[in-house]
Structure formats: C-alpha cells, structure tokens
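Beneath this line is the structure, given in structure tokens, with notes to follow.
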Amino acid sequence: MGSSDASGPARKWVDYNSLHNDLREFLERADRLGEVRHIKGASWDREMAGISEMFGKEQPDNPPALLFDEIPGFDKGYRVVWGAGNSRNRVALTYGFPEPSNATDLVRAYRDRMRGGFKQIPPKTVKTGAVLENIDRDDAVNLDKFPTPRVHEVDGGRYLGTHDLVIMRDPDTGWINVGTYRVQVYDKNTVGLWISPGKHGRLIREKYFAKGKSCPVAISVGTDPLLFITAGNEIDFGVDEFAYAGGHRGRPFEVVESELHGLPIPAHDEIVLEGEIMPDDVRTEGPFGEFTGYYASGEQLQPAVRIRRVYHRNDPIITTARPGRPPHDFIYAKSVSKAATIWDEMEKAGLHGITGVWSHEAGGARMFNVVAIKQMYPGHARQAGHLAFACHAGNYLGRWVIVVDDDIDPTNTFEVIWALSTRCDPATSIDVIGKAWSGPLDPMLPKGTVENSRAVIDACRPWSRRDSFPPVAEASREVMAETYAKWRFLLDE
Ligand SMILES: Cc1cc2nc3c(=O)[nH]c(=O)nc-3n(C[C@H](O)[C@H](O)[C@H](O)COP(=O)(O)O)c2cc1C
2 MGSSDASGPA RKWVDYNSLH NDLREFLERA DRLGEVRHIK GASWDREMAG
52 ISEMFGKEQP DNPPALLFDE IPGFDKGYRV VWGAGNSRNR VALTYGFPEP
102 SNATDLVRAY RDRMRGGFKQ IPPKTVKTGA VLENIDRDDA VNLDKFPTPR
152 VHEVDGGRYL GTHDLVIMRD PDTGWINVGT YRVQVYDKNT VGLWISPGKH
202 GRLIREKYFA KGKSCPVAIS VGTDPLLFIT AGNEIDFGVD EFAYAGGHRG
252 RPFEVVESEL HGLPIPAHDE IVLEGEIMPD DVRTEGPFGE FTGYYASGEQ
302 LQPAVRIRRV YHRNDPIITT ARPGRPPHDF IYAKSVSKAA TIWDEMEKAG
352 LHGITGVWSH EAGGARMFNV VAIKQMYPGH ARQAGHLAFA CHAGNYLGRW
402 VIVVDDDIDP TNTFEVIWAL STRCDPATSI DVIGKAWSGP LDPMLPKGTV
452 ENSRAVIDAC RPWSRRDSFP PVAEASREVM AETYAKWRFL LDE
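Set out below in structure tokens:
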C-alpha cells in the first residue's frame, strides 16, 4: 500500500530577492507555500501517472506538485516530481512574479517584464556543479536504475523525458537550441526521441544527417521549471533558450561542458544523458498519449539515441509532465507563457491595443487562443486575429483564434462564449485559412497530410456599428460599487 503525508498548513507568500538556484530550491519554496504533496510507495507503472490524473480531475484549479519517493524496486531518494510548476503560485515562483490573484495577473506580469527592457542573459560556463556528482560512462550507463514512469496504458514504453531539455548545437553556426521533446527508454543505453517536423531540434538533426554524421545531443530529464517552460515554447530560431530563461531569472544559468561533445548542460540539474542521435539506428517510437488528448501520431520509425554518458546528482529527481486528455499537469504554466509570448510577438509586429491574451488549457495551450483588444480602427480586430494565428508562438498546431473586445476577460470562458454568441455573425465573422503548420499530433489530420486549417473569429462589436451597438444590460460600475459597499456582507453570511 502506498502512503501519503500531506504537507503542513499553507504559509504566506514570500517575495524572494532572487529566483531559486535549482529545482530543489524551487520545490522547497513551493513546499513552504503548501504546494507540494510528498507521496511514498507508488509504482512507476501507471500508478504515479494515475495519481497525477486524479489530482487533475479533482483539483483542476490548483493541483499540487507531486513528489514521489520510495518507488518500489528503486533506491530510496530516487524521486519523481510531477507538475512541478503547474499552479498559479508556482508559476509566479517560477518567474519571480508578485503573488497573483488570477491568470491575467501572471500574463500581465510576463508582458510587463518583456516591455520593460527585457534582456537575454547568456549562460555562464563553470567548471563543476552538482550534476557531476555521479558520472556513468560507456558500459556503466544503465538507464534502468531510474524509476522511469509508464504514463498511459497504451504508451509504447516508459518515458524518461517529458519535462525535459533537449540540448543541441547547430553544426553551421554553433547556436545552441533547447527544446522539450519526448524521450522513450528502449534499453539500458538507448532511447527514442520524437521531434516533430519543423521544430528547431529536427532542423538541426537533419543538418548533421545531411553531412553523413550522427547528431550530438544532451538531454536533461530533471530540470528547473523555468528552463522547462522556456524549452517547451516556440522561442525564435537562433535564440539560445538558456539566455532567454536567464533574462527572466535576472542572472545567468550556470552550465558545465559535457564530456563528449562540449554541450552546455545546466550545472545544477538532476539527471542529464549525453550521446548521439544515430541516423542508421531507426526504431519504433511511440505511441504516447499526447497533449491533444489522443494517441494521434501512433508508432513511428525514428532515429534512436545512443547514450554514452549519464550525469546525475545524488538522490536525483526526474521531472515529469503528463500529457493526455486535458487538463494536463503542466498546461496552466504553459497557457500563461504561451499567451504572454503571443502577446509579445503581436506587439512586436506592430499591433497596439491588446488588453489580454489567453491560450486555453483545454486546447493544450495551442488550439484555442483568445485575444482581447480595445478596437482603435477599422480592421483592427481582423489584424489581431490573423497575427495571433500567424506569429511563431501561435502558429504550430493551432485551430481557433477568437478576438473579443476589451470588456471581455479572455481567460473567462463564460464571457468568451457570450461574446461569440452575441457579437459574431458566423457568415461574415469567420476567416478560414488553409495549409497551416500542423503535424502528426493533430488528431484531425488524415494520415500522410501535414497541414491543417484555422478559423479566425471576430467576436468584437462591428467597427461600423460601434456607436449604435445595443448597450450592455448590466449595472454601471458606480451602481455596483455602491451595491458592494452596502451589501457585500450578504456574500459572507
Ligand atoms: C510537456 C511537453 C512535451 C512536448 N513534447 C514534444 C515532443 O515530443 N516532440 C516535439 O516535437 N515537441 C514537443 N513539445 C513541443 C516543443 O517543446 C515546443 O514546440 C518547443 O518550442 C520546441 O522547441 P524548438 O522551438 O526549439 O524546436 C512538447 C512540449 C511540452 C511542454
């Protein structure tokens, strides 16, 4: 039987002067806020994942981070954490934002940071770090020593990399790219790596293969939520994600050079694998329950990765993200960063008047994006919708973009549906765009096709009727302020 000890009573928010040093310090801080559940005795085989799914269903608004220890068959101290950064408070801790009251506070805090002269801070190479406490080389590499979870029943195997960093170097320019791509364990020293067409890691891999070479790679499978959330987002081609995350952190991430390929690996991460993607060793990868909620990409033949080094801390912690039918245990954090990044890119493309963006959790923080604007000129709403669809952050695997007026809170689905129901004429308000960037994860794509279509829906009051549109039938702010002042006590009874 498993046992679970609840954390102590939630304590007050603390504004730290600087962001956490590593995952462990992050978890300590989250624990102090009562945001971590410590669970002992759960199995790697679907049980940890099932518990994560249970919390997702029962506490969708504020799921705790789940830290598993004493996993049967594995050394005590070899731990797995699920959903490390996935709550309102934990997103604020991840970025060092003030205590938030709602999702909009977080998106705005991110935006304010980007607007306030955000600068990337390149990583600093250091000689040593906790990640080097243990190094397994060549024949000593044995991935079986880690309690790698099986996540979903139909998965093709156990997945060590979900909340991970896949670190690669462009062979032509030396640019370092960091992406989150799933990692399946095949045997004690071989893993599968699935990188979708068009992703930066895939482009880099193809460059090595075109030169007839294997592709060097380092994969961190126990990492800081700030690095994870950066790696899992569409950051521009040519930008080093370590530097981008360092900009948020306000000081550089420390990295050490990996032994085989000199790749930068986070000096204080938990577990890093290093090796090469082998063009000639093609194996079946998947299926894996994906963020759309399906096993859409099924089994595929992918070049495998031969692992020749494993670096890990004492008592290492695997970080895990659970895709599948939403809600997922990483999606809230992703919705915040995705919404803020879309907002940022739309502004960089010259659009003014954005008052909010939300990338809905049920759409996997990709497929259902809402933008609120204060309309300033004819065509503004359409421009906003098309930019939200076309910008890099909003493009991959999108489906719906909805533009609403600034009196609608884009994070409030009820209000968005009201706008769709009353300010939208389906015959004239919906633009459909074909041949857009999709991929094998899209459950609607017929096999063998790679592009999907999008709907940009203008659910704003028509510009031409802005002065004559029927007024909204609700009490004015003044009347409500008086009502609250006099009668709020009724709500507390
Ligand atoms: C939990 C999680 C798992 C992901 N798994 C994959 C994956 O297996 N393959 C993939 O191509 N993208 C995956 N992604 C999406 C990419 O990480 C994301 O598109 C990112 O921008 C890729 O980095 P790149 O832009 O440098 O290519 C995942 C994202 C998250 C948050």
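For the sequence shown, position 3 matches number 4 in our numbering, and the numbering has no gaps at all. Think of the CB as a built atom: it goes at the ideal place given N, C-alpha and C, for glycine as much as any other residue.
Check whether residue i and residue j have beta carbons under 8 Å apart
i: ASP270; j: GLY213; result: no
i: ASP407; j: THR356; result: yes
i: VAL186; j: GLY158; result: yes
i: PRO411; j: VAL358; result: yes
i: GLY202; j: ARG284; result: no
i: VAL92; j: ALA66; result: no
i: PHE119; j: GLY233; result: no
i: PHE292; j: PRO328; result: no
i: SER215; j: GLU255; result: no
i: LEU388; j: LEU352; result: yes
i: ALA50; j: PRO150; result: yes
i: PRO148; j: PHE75; result: yes
i: ARG383; j: ASP459; result: yes
Inter-residue spacing [alpha-carbon to alpha-carbon] between residue i and residue j
i: VAL108; j: ASP137; result: 41 Å
i: ASP316; j: LYS375; result: 52 Å
i: VAL167; j: ARG206; result: 12 Å
i: ARG183; j: LEU161; result: 8 Å
i: PRO217; j: HIS262; result: 7 Å
i: ASP139; j: LYS200; result: 29 Å
i: ALA391; j: GLY354; result: 18 Å
i: ASN18; j: LEU94; result: 11 Å
i: ASP330; j: SER430; result: 34 Å
i: PRO441; j: GLN121; result: 33 Å
i: GLY130; j: PRO253; result: 14 Å
i: PRO64; j: ALA363; result: 15 Å
i: GLY290; j: VAL152; result: 8 Å
i: ARG310; j: GLU134; result: 13 Å
i: ALA7; j: LEU20; result: A caution first: ALA7 carries a pLDDT of 41, below 50, which makes its placement in the model unreliable, though a value can still be read off. The straight-line gap from Cα to Cα measures roughly 26 Å.
i: GLY294; j: ASN22; result: 34 Å
i: ALA334; j: ALA268; result: 24 Å
i: ALA437; j: GLY399; result: 8 Å
i: GLY175; j: ASP225; result: 24 Å
i: LEU491; j: GLU479; result: 19 Å
i: PHE369; j: ARG462; result: 20 Å
i: ALA305; j: LEU144; result: 15 Å
i: GLY340; j: SER360; result: Note that residue 340 is Ala in the sequence shown, not Gly. One C-alpha to the other measures close to 5 Å.
i: GLU100; j: TRP14; result: 7 Å
i: SER197; j: GLY180; result: 11 Å
i: ARG1; j: LYS487; result: Residue numbering for the chain in the displayed model covers 2 to 494; residue 1 lies beyond these limits and cannot be assessed.
In DSSP terms, what residue i is bridged to
i: ASP46; result: ARG151
i: PHE369; result: TRP401
i: ILE177; result: ARG170
i: SER221; result: LEU166 and VAL273
i: GLN301; result: GLU286
When the options are compared against residue i, the one with the closest alpha-carbon
i: GLY299; options: VAL179, VAL155, PHE470 and GLY35; result: VAL155
i: LEU228; options: PRO198, ILE266 and GLY202; result: ILE266
i: ILE403; options: ARG367, ASP410 and VAL457; result: VAL457
i: ARG112; options: PHE210, VAL337, ARG170 and ILE278; result: VAL337
i: VAL372; options: VAL256, ASN143 and GLU348; result: GLU348
i: LYS41; options: VAL82, LEU264 and PRO172; result: VAL82
i: VAL273; options: GLY248, ILE220 and MET377; result: ILE220
i: SER88; options: GLU494, ASP173 and ILE332; result: ILE332
i: HIS381; options: THR414, ILE319, HIS361 and SER465; result: SER465
i: ASP171; options: VAL142, LEU204 and ILE196; result: LEU204
i: TYR312; options: PRO123, LEU68, HIS393 and LYS146; result: LYS146
i: GLY435; options: TRP401, PRO463, ILE418 and ARG467; result: TRP401
i: GLY86; options: ASP32, GLU54 and ASP46; result: ASP32
i: PRO288; options: GLU260, TRP195, PRO379 and VAL417; result: TRP195
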